[in-house]
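Student:
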Amino acid sequence: MRWCTIVRVSEPIQTTGQDHEDRVDRNVVFNDWLASSAKFTLRILVIAVFLYAVGQLIGAFWAGILPVVLALIVCTVLAPIAAALRRHKVPAALAAFLTMLLFFGVLAALIMIIAPNLVGQTRLLYIQALEGLQRLQLWAQGPPLNLDPESLNEGVDEITLWIQNQAGAIAGGVFSGINTAAGLSVTLMVLVVLTFFFLKDGHRFLPWLRSATGGRTGLYLTELLTRAWNTLSGFIRAQAVCSLVDAIVIGTGIAIVGVPMAFTLALITFVAGFIPIVGAVVAGALAVLIALVTLGFTKALIVLGIVLATQQLEGNVLSPLLQSRAMNLHPVIVLVSVTVGGALFGLIGGFLAVPTAAMIAVVYRYALEILRINAGEIGAKDIDLATHEGEIIAEIVEAESVHKREEWRGEREWVNAPAPEDQADDAKRERFGTTSLKKLRVTTERIGRLRGKAAASPQSHSAERTQSEHTVEPER
12 MRWCTIVRVS
22 EPIQTTGQDH
32 EDRVDRNVVF
42 NDWLASSAKF
52 TLRILVIAVF
62 LYAVGQLIGA
72 FWAGILPVVL
82 ALIVCTVLAP
92 IAAALRRHKV
102 PAALAAFLTM
112 LLFFGVLAAL
122 IMIIAPNLVG
132 QTRLLYIQAL
142 EGLQRLQLWA
152 QGPPLNLDPE
162 SLNEGVDEIT
172 LWIQNQAGAI
182 AGGVFSGINT
192 AAGLSVTLMV
202 LVVLTFFFLK
212 DGHRFLPWLR
222 SATGGRTGLY
232 LTELLTRAWN
242 TLSGFIRAQA
252 VCSLVDAIVI
262 GTGIAIVGVP
272 MAFTLALITF
282 VAGFIPIVGA
292 VVAGALAVLI
302 ALVTLGFTKA
312 LIVLGIVLAT
322 QQLEGNVLSP
332 LLQSRAMNLH
342 PVIVLVSVTV
352 GGALFGLIGG
362 FLAVPTAAMI
372 AVVYRYALEI
382 LRINAGEIGA
392 KDIDLATHEG
402 EIIAEIVEAE
412 SVHKREEWRG
422 EREWVNAPAP
432 EDQADDAKRE
442 RFGTTSLKKL
452 RVTTERIGRL
462 RGKAAASPQS
472 HSAERTQSEH
482 TVEPER
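Okay, so the sequence shown: first residue is 12 according to this note's numbering, each after it adds one.
1. Per the contact definition of three or more C-beta pairs closer than 8 Å, is the region 196–216 in contact with the region 96–109?
2. Can you tell me the Cα-Cα spacing of residue 230 and residue 376, whole angstroms?
3. Can you give, in chain order, each stretch of the alpha helix (DSSP H) that sits fully within the region 257–305 and has at least 4 residues?
4. According to DSSP, simplified to helix, strand and coil, what is residue 418?
5. Is it the case that the Cβ atoms of residue 254 and residue 281 are separated by a distance below 8 Å?
6. Since residue 88 is in the alpha helix (DSSP H), which residue starts that stretch and which ends it?
7. Is residue 397 helix, strand or coil by DSSP?
8. My output table needs one value for residue 341: the three-state DSSP class, helix, strand or coil.
9. For residue 360, is the classification buried or exposed, using 16 other Cβ atoms within 10 angstroms of its Cβ as the cut-off for buried?
10. Taking just the CA atoms, how far does residue 397 sit from residue 489?
11. Buried or exposed, going by whether 16 or more other CB atoms sit within 10 Å of the CB of residue 200?
12. Within this structure, are the beta carbons of residue 340 and residue 368 separated by less than 8 Å?
13. Residue 260 and residue 333 - do their beta-carbons sit closer together than 8 Å?
14. Does residue 234 come out as helix, strand or coil in the three-state DSSP assignment?
15. Closer than 7 Å by C-beta to residue 227: which residues in its own chain qualify, once you throw out the five before and the five after it? Chain order, please.
16. Helix, strand or coil: how does DSSP classify residue 248 here?
17. One question on the structure: do residue 269 and residue 317 come within less than 8 Å of each other, judged by their Cβ atoms?
18. Counting C-beta neighbours from all protein chains within 10 Å, is the total for residue 417 16 or more, i.e. buried, or is it exposed?
19. Drop a sphere of 10 angstroms on the beta-carbon of residue 257, count the other beta-carbons inside from all chains shown, and report buried for 16 or more, exposed for fewer.
20. Pick helix, strand or coil for residue 218, following the three-state DSSP scheme.
21. In its own chain, which residues sit with a C-beta less than 8 Å from the C-beta of residue 76, not counting the 5 before and 5 after it?
22. Using C-beta distances below 7 Å, list every residue in its chain close to residue 371, excluding the 5 sequence neighbours before and after it, in chain order.
23. Nearest by alpha-carbon distance to residue 197: which of 78, 309 and 244 is it?
24. Would you identify the three-state DSSP class for residue 101, choosing helix, strand or coil?
25. What residues in its chain sit with their C-beta under 8 Å from that of residue 110, if we drop five residues either side in the sequence?
26. With respect to 7 Å, is the separation between the Cβ of residue 276 and the closest non-hydrogen atom of the ligand MG below this value?
27. Just the C-alpha distance for residue 390 and residue 419, rounded to the nearest angstrom, thanks.
28. If you count every other CB in all the chains shown that lies within 10 Å of the CB of residue 66, and 16 or more means buried, which is it?
29. Which residue from 321, 85 and 305 puts its Cα closest to that of residue 292?
30. If you check the beta carbons only, do residue 52 and residue 248 fall under 8 Å apart?
31. From residue 296 to residue 238, what distance separates their C-alpha atoms?
32. Sorted by chain position, which residues of the same chain lie with C-beta nearer than 7 Å to residue 314's C-beta, five sequence neighbours on each side aside?
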């Protein structure tokens, strides 16, 4: 019997006329993607060139920009005092003078108390730190590590060279253009004068900016600069509290253990604490090295435990509690910012890296909020705004976005994007759905009222916002 296999050849799939008409040449789709990518790349290049030009300008005028930056940082600490004096009917000039007199008086007293002790112990501290490194090197060469002496020597040389380079960067990069005692004195005098005028007239800055720029730009800048100031002042104050707690706890702990120069090490810990993550590690390592040289391996381990426990307290309790509202940055962003800033600009770069990253984050978040309002994902009332002017411009954008979305829908047949999970309730879907002609007319009337309100904002709200808890005094 012969077996045969019957193979059924399937017929080609027939497409309907409608399906065929819906198809387009894939080259058309690819060209559309390519055009969109080219436009996006061009915009990124333009932004990169702009940022590069800004960086070059900052570098060229750094000697003049540095006093301004330092004066703003000092004002973040002194502004609440000057504002409190003005609220008690003290004239602005006198309030600024008394605030600065108090600040520099306390600073001078601390320097007079600390400087003799610090100068006398600096060289001893340096010598003992080197001895501690040598002891660690000898210990690492023995069991159980048994490391190669040549590799260890190369590592120590690299660390020493890095420290020397950082010292050179601090002297030559941070104070570039201020290489004489006279230049440094002039810079300090400019810092003092700028601080005085910032404290005296800072609360008038934003009303002046609104009148100078006018319209929507002034409202946008008022909200954005207020957020930036709140972030900067929050960072400085929170970091000062964290550094003070670290210095007190570590200084008390190493003093109890018996480590010499405990006060000097505590002072170094306080100053280094203003450089997030990196500063605490360097200060803690220095304390451990001094304990190793003077008290031995066991006491050095105890000091290491004190340092690690203090850093865990700061990292897991203090910093999240104090800086979550002010900064709201992921630790990875903080670490990368400090690393890049320190590598490019030395100590001052590491100090200013995190506030700079926070300023960029402030701009990004505010732009994203305005974008989401235009897209209909959120409303003006869903944003935590810092100023009354920010509320006005957010309501204007929300009202105008109704018309814009109608225009965008008319350009092509859009498929509605899924609502974000946090905005997926039926009420908000209905609120930001397709609007009727009646709602459009109501929205038009609302825009007119809001624009009239915005036009009167610089005059009617300047006095009110000076007293508001949301307004930071030095910016106005």
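Positions of the beta carbon are idealized from the N, C-alpha and C atoms, including for glycine.
Tutor: The structure says:
1. yes
2. On the sequence shown, position 219 is the one that residue 230 refers to. On the sequence shown, position 365 is the one that residue 376 refers to. Inter-residue distance for residue 230 and residue 376 is about 16 Å (C-alpha atoms, whole angstroms).
3. 273–283
4. If you number the sequence shown from 1, residue 418 lands on position 407. Three-state DSSP puts residue 418 in a helix.
5. Locating residue 254 in the sequence shown gives position 243, where the first residue counts as 1. Locating residue 281 in the sequence shown gives position 270, where the first residue counts as 1. With contacts defined by Cβ atoms closer than 8 Å, residue 254 and residue 281 form a contacting pair.
6. Walking along the sequence shown from the start, residue 88 turns up at place 77. Segment 73–98, the alpha helix (DSSP H) holding residue 88.
7. Position 386 of the sequence shown, counted from the start, is the residue given in the question as residue 397. Of the three classes helix, strand and coil, the one that applies to residue 397 here is coil, per DSSP.
8. If you number the sequence shown from 1, residue 341 lands on position 330. Correct three-state label for residue 341: coil.
9. Position 349 of the sequence shown holds residue 360. Classification for residue 360: buried.
10. Coverage of the chain is limited to positions 12 through 487, which leaves residue 489 absent and any answer about it impossible.
11. Residue mapping note: residue 200 aligns to position 189 of the sequence shown, counting from 1. Residue 200 should be labelled exposed.
12. Numbered from 1 along the sequence shown, position 329 holds the residue referred to as residue 340. Numbered from 1 along the sequence shown, position 357 holds the residue referred to as residue 368. Against a cut-off of 8 Å, the Cβ pair of residue 368 and residue 340 comes out as a contact.
13. Along the sequence shown, one-based indexing puts residue 333 at 322. Along the sequence shown, one-based indexing puts residue 260 at 249. For residue 333 and residue 260, no; Cβs fall outside 8 Å.
14. Working through the sequence shown from its first residue, we reach residue 234 at position 223. Residue 234: helix per DSSP, three-state reduction.
15. On the sequence shown, residue 227 is found 216 positions in, with the first residue counted as 1. Excluding positions up to five away in sequence, the list reads 404.
16. Residue mapping note: residue 248 aligns to position 237 of the sequence shown, counting from 1. Three-state result, residue 248: helix.
17. On the sequence shown, position 258 is the one that residue 269 refers to. On the sequence shown, position 306 is the one that residue 317 refers to. Contact: no.
18. Residue 417 sits at position 406 when you count from the first residue of the sequence shown. Answer is exposed; the Cβ neighbour count stays below 16.
19. As a first step, residue 257 is located in the sequence shown; it is residue number 246 there, counting from the start. By the 10 Å Cβ count, residue 257 comes out buried.
20. Walking along the sequence shown from the start, residue 218 turns up at place 207. Collapsing the DSSP output to three states places residue 218 in a helix.
21. For the purposes of this step, residue 76 is identified with residue 65 of the sequence shown, where counting begins at 1. Setting aside the 5 residues that flank it on each side, residue 76 is surrounded in the same chain by 69, each with a C-beta closer than 8 Å to its C-beta; the list follows chain order.
22. Numbered from its first residue, the sequence shown carries residue 371 at position 360. Answer for residue 371: no residue qualifies.
23. To locate residue 197, count along the sequence shown from 1; it is residue 186. When each option's Cα is compared against that of residue 197, the closest is 78.
24. To locate residue 101, count along the sequence shown from 1; it is residue 90. In the displayed model, residue 101 falls within coil according to three-state DSSP, outside both helix and strand.
25. Residue 110 sits at position 99 when you count from the first residue of the sequence shown. Once the five neighbours on either side are set aside, the close Cβ partners of residue 110 are 89, 92, 93, 96 and 210.
26. For the structure depicted, the ligand MG is absent and the ligand set is empty, with no information on it obtainable.
27. Taking the sequence shown and counting its residues from 1, one reaches residue 390 at position 379. Taking the sequence shown and counting its residues from 1, one reaches residue 419 at position 408. The straight-line gap from Cα to Cα measures roughly 18 Å.
28. Position 55 of the sequence shown holds residue 66. Classification for residue 66: exposed.
29. Walking along the sequence shown from the start, residue 292 turns up at place 281. Considering only alpha carbons, the answer is 321.
30. Here residue 52 is taken as the residue at index 41 of the sequence shown, counted from 1. Here residue 248 is taken as the residue at index 237 of the sequence shown, counted from 1. It is not a contact, given that the beta carbons lie outside the stated cut-off.
31. Numbered from 1 along the sequence shown, position 285 holds the residue referred to as residue 296. Numbered from 1 along the sequence shown, position 227 holds the residue referred to as residue 238. Cα to Cα, the separation comes out at about 36 Å.
32. For the purposes of this step, residue 314 is taken as the residue at position 303 of the sequence shown. Closer than 7 Å at the Cβ level, and outside the excluded window around residue 314, lie 265, 268, 270, 298, 299 and 302.
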